[in-house]
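Comments concern the structure below.
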């Protein structure tokens, strides 16, 4: 049974509706709380060298946005944009601090969540640093396939070639070239922004040495 503190926490939530393309976390803005995705898809990014966008991750229903800055930083180190019409649940920083101080079980669960996030982040950095550009693009395709699944033979997330590049850490031109090669090798199919992966096992085999499964 939920504690009284957690019940108060849930009762005081605020629901927010975001339209496709709407930004709801602004990089560099003061940290004021956390967002839980109730429905929809989101990209989380940070600004890199020369102002270029680097996509940190994609998120879907049930995931948290803005948690890495909570309690440790005054400003958000990331930005977040809805990739489709999205419903969010917002909890203020003050409310979170109140519950964390009064409910040890909730605090412990959140600590385990942070530990798991750190492990995944470290594993990703290690793997990406050892991958070729082709392997990074394939890793991106497998990550999106695992996270969002398939609809009618295509990954259930339509992204531009630039967004693929911003996540894989390469250029749009490289993504276009590698996609063209993968299509010729019949490892992927494409319909506009929709990408299909009919040969998942062959794609996995290409990067099996890098433990592709670590980044869920």
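Residue numbers (UniProt numbering): 1 to 216. In this text, a Cβ means the ideal position worked out from N, Cα and C, and glycines have one as well. Here the structure is a predicted model, which is why all the values come from computation and not from measurement.
Practice problem: With DSSP as the reference, please indicate the residues paired to residue 91 in a beta bridge. | Solution: In the chain shown, residue 91 corresponds to position 91, counting from 1. In the DSSP output, where bridge partners are listed per residue, residue 91 has 34.
With a cut-off of 8 Å on the beta carbons, I'd call residue 90 and residue 31 a contact; round off their distance for me.
Position 90 of the chain shown, counted from the start, is the residue given in the question as residue 90. Position 31 of the chain shown, counted from the start, is the residue given in the question as residue 31. In fact, because the Cβ distance is near 13 Å, the residues do not count as touching under 8 Å.
Practice prompt. Could you spell out where the alpha helix (DSSP H) holding residue 161 opens and where it closes?
Written response: Residue 161 sits at position 161 when you count from the first residue of the chain shown. Residue 161 -> alpha helix (DSSP H) spans 161 to 168.
**Prompt:** What does residue 45 pair with, by DSSP beta-bridge criteria?
**Reply:** As a working note, residue 45 is residue 45 in the chain shown. Residue 45 pairs with 55, 79.
request  = Return the bridge partner residues of residue 101 from the DSSP annotation.
outcome  = Within the chain shown, residue 101 is the residue found at index 101, counting from 1. BP columns for residue 101 are empty, so no partner.
**Asked** Under three-state DSSP, which class holds residue 152?
**Response** The residue labelled residue 152 in the question sits at position 152 within the chain shown. Three-state DSSP puts residue 152 in coil, outside helix and strand.
### Message
Measuring only the C-alpha atoms, how far is residue 84 from residue 22?
### Response
Position 84 of the chain shown, counting from 1, holds the residue named residue 84. Position 22 of the chain shown, counting from 1, holds the residue named residue 22. Near 9 Å, if we compare the C-alpha coordinates of residue 22 and residue 84.
- Item | Residue(s) in a DSSP beta bridge with residue 17 | Residue mapping note: residue 17 aligns to position 17 of the chain shown, counting from 1. For residue 17, which the question treats as bridged, DSSP gives the partners 87.
Check whether the Cβ atoms of residue 197 and residue 157 sit closer than 9 Å, and answer yes or no.
-> Residue 197 sits at position 197 when you count from the first residue of the chain shown. Residue 157 sits at position 157 when you count from the first residue of the chain shown. Going by C-beta atoms, residue 197 is not nearer than 9 Å to residue 157.
Can you give me the Cβ contacts of residue 159 inside the same chain, cut-off strictly under 7 Å, excluding the 5 residues immediately before and after it? On the chain shown, position 159 is the one that residue 159 refers to. Taken in chain order, the residues that qualify are 193.
* To do: Classify residue 195 as helix, strand or coil using the three-state DSSP reduction.
  => Stepping through the chain shown from its first residue, residue 195 is reached at position 195. Residue 195 falls in the strand class under three-state DSSP.
task = Note down the Cα distance separating residue 65 from residue 59, rounded to an integer number of angstroms.
result = In the chain shown, residue 65 corresponds to position 65, counting from 1. In the chain shown, residue 59 corresponds to position 59, counting from 1. Approximately 8 Å between the Cα atoms of the pair.
What three-state label does DSSP hand residue 215 in the structure shown? For the purposes of this step, residue 215 is taken as the residue at position 215 of the chain shown. Bear in mind that the predicted position of residue 215 carries a pLDDT of just 49, short of 50, making it too unreliable to give a figure here.
| query | Taking just the CA atoms, how far does residue 172 sit from residue 206? | reply | Reading the chain shown from its first residue, position 206 is the one you call residue 206. Reading the chain shown from its first residue, position 172 is the one you call residue 172. For residue 206 and residue 172, the distance between alpha carbons rounds to 21 Å.
*State the beta-bridge partners of residue 61 as determined by DSSP.*
On the chain shown, position 61 is the one that residue 61 refers to. Residue 61 is not bridged to any residue.
### Query
Residues bridged to residue 25 by DSSP?
Taking the first residue of the chain shown as 1, we reach residue 25 at position 25. DSSP lists 80 as partners of residue 25.
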